[in-house]
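Chemist: Quick one: the structure is below, and I'll ask about it shortly.
Residue numbers (this note's numbering), protein chains in the order written: chain A, 1 to 283; chain B, 284 to 566.
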């Protein structure tokens with residue numbers, strides 16, 4: 001496994017792989033790798049001849065009061081995990097390599113970013129779009145792998161890639177969960193033992209909403225109400241039933257929807273989502 | 284020469300050319316081709332094994348009261364000119380092919396777009412950035428050729444490509460002029476015979492500013508004043524001396540600057556620019 005720190009080396013290595021006839025698979029990460037990331041790597045390796053992982057805690061997607069400074073950066077563990085997983089190339093740049101000067105260029109996806117994470121974290125998706133565009137342009141990947149845990153991010157990236165005719169296939173991958181249902185996330189490491197015990201409540205609430213919908217509940221508000229009962233006493237950022245294409249709230253559930261939630265446990269913010277098949281989709 | 288109308292065909296043809304070891308040169312145009320465009324094609328052919336020209340009057344870069352509907356579209360002449368010039372592939376999409384739905388994604392370059400064309404034509408550069416990004420992504424060109432006549436556009440595109448790590452070299456090409464100095468432009472066709480006779484006055488004014496600067500004038504305002512005298516009686520949008528990197532106005536000329544102007548003759552808007560070497564650069 002090779003580790004490179006500059007865009008130029010990344011580009012040259014990926015060009016050489018493509019020139020050698022390899023299909024290039026790309027897994028962008030912020031490091032602190034867990035089994036969810038490694039599932040993306042496995043999927044990439046099963047579909048592509050050559051797999052690149054980027055490890056970069058991207059400052060432009062953090063708000064001024066967010067956890068940029070404290071975000072975990074266990075780079076030695078991460079490199080070992082990539083090596084063990086059979087990654088071919090790791091790109092691990094410094095911020096100054098990715099942003100040698102303040103970028104004048106912004107990439108914005110409207111509509112999809114108005115709610116939920118976009119509303120709670122202003123500027124977050126612009127930061128995601130910028131870094132994903134830069135990485136995809138440098139890697140020239142055939143396929144890029146994103147986890148469904150960040151469902152809104154996945155939708156934003158997919159829309160950006162389609163709108164801009166980027167030559168890459170975005171591959172969504174299922175969320176990996178702990179045995180108790182908690183979605184894997186690098187931020188789970190922040191949880192105190194007590195908060196960690198309570199953390200599965202988010203997935204329980206999402207599952208409650210899904211069950212209501214799949215049992216025939218058509219009014220999203222009533223299904224959400226049942227989910228909020230599960231979250232009673234927790235600090236809820238949002239619990240929404242949204243359209244999988246537009247991420248706009250759904251009032252009457254008539255097909256597949258995404259049930260999305262965000263809660264704060266102690267100082268830690270957790271997000272998760274599940275798909276629920278409502279209306280005629282159930283038949 | 285092959286002509287394709289869809290992004291899919293464009294992408295496949297360019298991929299095949301690259302896979303065959305060709306260097307792909309790309310000349311994006313809005314058609315109504317003149318000797319300036321053909322100079323871009325000649326440069327592309329001299330540097331690349333395979334040359335693509337796009338002919339697309341991009342609606343997103345026109346303002347609501349601009350000349351989108353009347354912009355000349357002599358496609359038969361354009362295709363003949365491309366064939367004669369040795370172009371390998373022409374991409375000539377319909378607007379619905381480029382924009383199958385209203386794009387949710389925007390690409391914006393800040394700062395560089397604040398003045399001159401950006402101020403006179405709100406949204407113009409966002410439209411340019413969007414279509415250039417889409418075309419570059421679909422073509423996967425090694426080099427893309429832009430004329431210096433649209434100096435601000437060239438600077439905006441170059442900045443976007445750098446900020447987004449796009450894998451393409453932007454090649455600036457000198458402005459081609461009529462014998463009387465008028466910069467070639469598809470919009471020159473709009474000029475009445477009388478306006479056409481007056482049209483070289485823009486280049487004369489720019490040249491006057493350049494001469495003052497290159498004769499040692501350091502105060503941009505005084506050089507511009509001399510240029511405005513040449514334009515006396517004309518409808519001037521702007522006559523500015525700007526920094527070649529930031530396109531911000533220069534007050535004291537101490538190195539190379541760009542002298543940019545825009546005038547309206549009858550209903551036709553003409554832009555042009557020249558580089559002037561001031562200050563220590565003259566030595």
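C-beta atoms are modelled at their ideal positions from N, C-alpha and C, and glycine is treated no differently.
Following the continuous alpha helix (DSSP H) through residue 522 of chain B, name the residue where it begins and the one where it ends.
Modeler: It is not in any alpha helix (DSSP H) - residue 522 of chain B instead sits in the beta strand (DSSP E) that spans 518 to 525.
Chemist: Between the region 433 to 466 of chain B and chain A, which residues of the former have a C-beta closer than 8 Å to a C-beta of the latter?
Modeler: 442, 443, 446, 447, 448, 449 and 450
Chemist: From the DSSP output, which residues share a beta bridge with residue 548 of chain B?
Modeler: B:551
Chemist: For the region 320 to 331 of chain B against the region 356 to 369 of chain B, do three or more pairs of beta-carbon atoms, one drawn from each stretch, fall closer than 8 Å, so that the two count as touching?
Modeler: As far as the Cβ criterion goes, the region 320 to 331 of chain B touches the region 356 to 369 of chain B, which means the pair count is three or higher.
Chemist: Along the region 90 to 112 of chain A, where does the CB come closer than 7 Å to a CB of chain B? Name the residues.
Modeler: 103, 104, 105, 106, 107, 108, 109, 110, 111 and 112
Chemist: Going along chain B, which residues have a C-beta under 9 Å from residue 6 of chain A?
Modeler: The premise fails here: residue 6 of chain A is roughly 11 Å from chain B at the closest Cβ pair, so nothing lies under 9 Å.
Chemist: Could you compute how far the alpha carbon of residue 297 of chain B sits from the alpha carbon of residue 505 of chain B?
Modeler: The alpha-carbon atoms of residue 297 of chain B and residue 505 of chain B are separated by roughly 50 Å.
Chemist: Can at least three beta-carbon pairs, one atom from the region 441 to 454 of chain B and one from the region 469 to 477 of chain B, be found at a separation below 8 Å?
Modeler: Fewer than three beta-carbon pairs drawn from the region 441 to 454 of chain B and the region 469 to 477 of chain B are found closer than 8 Å, and the two stretches are therefore not classed as touching.
Chemist: Going by DSSP in three states, residue 529 of chain B sits in which element: helix, strand or coil?
Modeler: coil
Chemist: Please report how far the alpha carbon of residue 272 of chain A lies from the alpha carbon of residue 188 of chain A, in whole angstroms.
Modeler: 12 Å
Chemist: Kindly indicate which three-state DSSP category residue 345 of chain A falls into: helix, strand or coil?
Modeler: Any property of residue 345 of chain A remains undetermined from this structure, which presents chain A solely from 1 to 283.
Chemist: If you count every other CB in all the chains shown that lies within 10 Å of the CB of residue 25 of chain A, and 16 or more means buried, which is it?
Modeler: buried
Chemist: Relative to chain A, which residues along the region 400 to 417 of chain B have a C-beta separation below 7 Å, given in chain order?
Modeler: From the region 400 to 417 of chain B, only 416 and 417 have a Cβ closer than 7 Å to chain A.
Chemist: Under a Cβ-count criterion, where at least 16 other Cβ atoms within 10 Å of its own Cβ denotes burial, should residue 5 of chain A be classed as buried or exposed?
Modeler: exposed
Chemist: Closer than 7 Å by C-beta to residue 111 of chain A: which residues in its own chain qualify, once you throw out the five before and the five after it? Chain order, please.
Modeler: 246
Chemist: Going by DSSP, name the residue or residues bridged to residue 24 of chain A.
Modeler: A:50
Chemist: May I ask which residues mark the beginning and end of the beta strand (DSSP E) holding residue 346 of chain B?
Modeler: Note, residue 346 of chain B: premise wrong, no beta strand (DSSP E); not H, not E.
Chemist: Does residue 356 of chain B come out as helix, strand or coil in the three-state DSSP assignment?
Modeler: coil
Chemist: Where residue 242 of chain A and residue 257 of chain A are concerned, what is the direct C-alpha to C-alpha distance, given to the nearest angstrom?
Modeler: 6 Å
Chemist: List, in order along the chain, the chain B residues whose C-beta lies closer than 9 Å to that of residue 11 of chain A?
Modeler: 448 and 450
Chemist: At the level of alpha carbons, what is the spacing between residue 482 of chain B and residue 457 of chain B?
Modeler: 19 Å
Chemist: For a minimum of 4 consecutive residues, which ranges assigned as the alpha helix (DSSP H) are wholly contained in the region 165 to 226 of chain A?
Modeler: Runs of the alpha helix (DSSP H) inside the region 165 to 226 of chain A: 193 to 198 and 201 to 214.
Chemist: Under 7 Å Cβ-Cβ, which residues of chain A neighbour residue 424 of chain B?
Modeler: Within 7 Å Cβ-Cβ: nothing; residue 424 of chain B doesn't reach chain A, min ~12 Å.
Chemist: Assuming contact is defined by CB atoms lying nearer than 8 Å, are residue 390 of chain B and residue 412 of chain B in contact in what I supplied?
Modeler: In contact: residue 390 of chain B and residue 412 of chain B (Cβ atoms closer than 8 Å).
Chemist: When you compare the CB of residue 368 of chain B with every CB in chain A, is at least one pair closer than 8 Å?
Modeler: no
Chemist: Listed from N- to C-terminal order along the chain, which residues in the region 339 to 353 of chain B have their beta-carbon within a distance smaller than 9 Å of any beta-carbon of chain A?
Modeler: Residues passing the 9 Å Cβ filter: none.
Chemist: Taking the alpha-carbon of residue 432 of chain B as reference, which of B:444, B:553 and B:423 has the nearest alpha-carbon?
Modeler: Put simply, of B:444, B:553 and B:423 the residue whose alpha carbon is nearest the alpha carbon of residue 432 of chain B is B:553.
Chemist: At least one CB of chain A closer than 8 Å to the CB of residue 421 of chain B: is that the case?
Modeler: True, the Cβ-Cβ gap to chain A drops below 8 Å.
Chemist: In terms of residue numbering, what span does the beta strand (DSSP E) encompassing residue 430 of chain B cover?
Modeler: Its beta strand (DSSP E) spans residues 426 to 430.
Chemist: Beta strand (DSSP E) containing residue 390 of chain B: first to last residue?
Modeler: 388 to 392
Chemist: State the DSSP-derived secondary structure class of residue 294 of chain B, mapped to helix, strand or coil.
Modeler: helix
Chemist: Please look up how many angstroms separate the CB atoms of residue 27 of chain A and residue 37 of chain A, rounded, as I've assumed it's under 8 Å.
Modeler: 7 Å
Chemist: Measuring straight from C-alpha to C-alpha, what distance separates residue 444 of chain B and residue 436 of chain B?
Modeler: 12 Å
Chemist: Three or more C-beta pairs under 8 Å: does that hold for the region 496 to 504 of chain B against the region 399 to 408 of chain B?
Modeler: no
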